[in-house]
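Counting in the UniProt record's numbering, the sequence shown runs from 1 upward without gaps.
Glycine included, each C-beta is placed from N, C-alpha and C at the ideal position.
Predicted, not measured: the structure shown is a model, and the values here were computed from it.
Below is one structure; the comments refer to it alone.
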Amino acid sequence: MIWIITTGGTIEGLEYDNESENIVAPVSIKNLLKKTKCSVEYEIDNAFSKDSRFITQVDRELLSTKVKAANSEHILITHGTLTMVETAEYLGKLDMNKTIVLVGAFILATKKDTDAPANLDFAIAALQRLEKGVYIAMNEKVLRWDKVKKNIVQNRFEEKMD
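Next up, the structure:
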C-alpha cells in the first residue's frame, strides 16, 4: 500500500497571493488518481495545504512525523515545486528507512494542459520500484534527494553535478 501525504502546491490546483495559511485545495489528489486509473491501494493524509514558499521548519517536522507514523514503507508526498528540493533534502538527511517520493506539477492542476496527472502516475510507478531513500519524481525523471536541483529558467528538475 502507498501512503500519500498532501501538502498543497500547483498539483492540487492552488494559486496563491502571498498566503501562508492552510486553504482548501480545488483539486483533490483522490480525483487525480481516478483520472490516472490508479489501481494500487493507497491512503491519503493531508499534512497542510500551502504554497511551498511558505513551508517552515515546523511544517517539515510535521511532515517527517507523518512519514514515520505512516502504515507503509512507500510514501508519496505531493508538494509545490518551489521548495521541493529543500523538503527532499530535509527528509533525506533523516534516513527514515522508507521509500519516499516527492511529486508536484509545474502547470496548475486546474488547467487543461496540466502535468499533474502524468506526474502523479509516474511517481506512483517509480515509488513501487525504487530502493529505500528519498527522491523527486517529475516529468519522467527520478532524482535522489542529494543529487537534485531545480532549474528555474527551464522550469525542471535536473541532476546536480558535484
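Top-ranked residue by Cα proximity to Ile2, from Leu102, Asp59, Leu143, Glu140:
The count along the sequence shown starts at 1 and reaches residue 2 at position 2. Of the candidates Leu102, Asp59, Leu143, Glu140, the one whose C-alpha sits nearest the C-alpha of Ile2 is Leu102.
Outcome for Thr78 when other beta-carbon atoms lying within 10 angstroms are tallied against a minimum of 16:
Here residue 78 is taken as the residue at index 78 of the sequence shown, counted from 1. That one is buried.
On the three-state DSSP scale, how would you describe Phe48?
As a working mapping, residue 48 is identified with position 48 in the sequence shown. In the structure shown, Phe48 sits in coil (DSSP, three-state: anything other than H, G, I, E or B).
Relative to the C-alpha of Lys147, which candidate in Arg156, Ile107, Ile136 has its C-alpha closest?
Taking the first residue of the sequence shown as position 1, residue 147 is located at position 147. When only C-alpha atoms are compared, the closest one is Ile136.
Have a look at Val142 and Ala69 and give me their C-alpha separation to the nearest angstrom.
Translated into positions along the sequence shown, residue 142 becomes position 142. Translated into positions along the sequence shown, residue 69 becomes position 69. Answer to the nearest angstrom: the Cα atoms are 25 Å apart.
Buried or exposed for Ile152, going by 16 or more other Cβ atoms inside 10 Å?
The sequence position of residue 152 within the sequence shown is 152, counting from 1. When all chains shown are included, Ile152 counts as exposed.
Let me confirm a value: Val40 is counted as buried when at least 16 other C-beta atoms fall within 10 Å, else exposed. Which label applies?
Here the question's residue 40 lines up with position 40 in the sequence shown. That one is exposed.
Quick check on DSSP: helix, strand or coil for Ile136?
Position 136 of the sequence shown, counting from 1, holds the residue named residue 136. Correct three-state label for Ile136: strand.
Should Glu159 be labelled buried (16 or more other beta-carbon atoms within 10 Å of its own) or exposed?
The count along the sequence shown starts at 1 and reaches residue 159 at position 159. Exposed is the call here.
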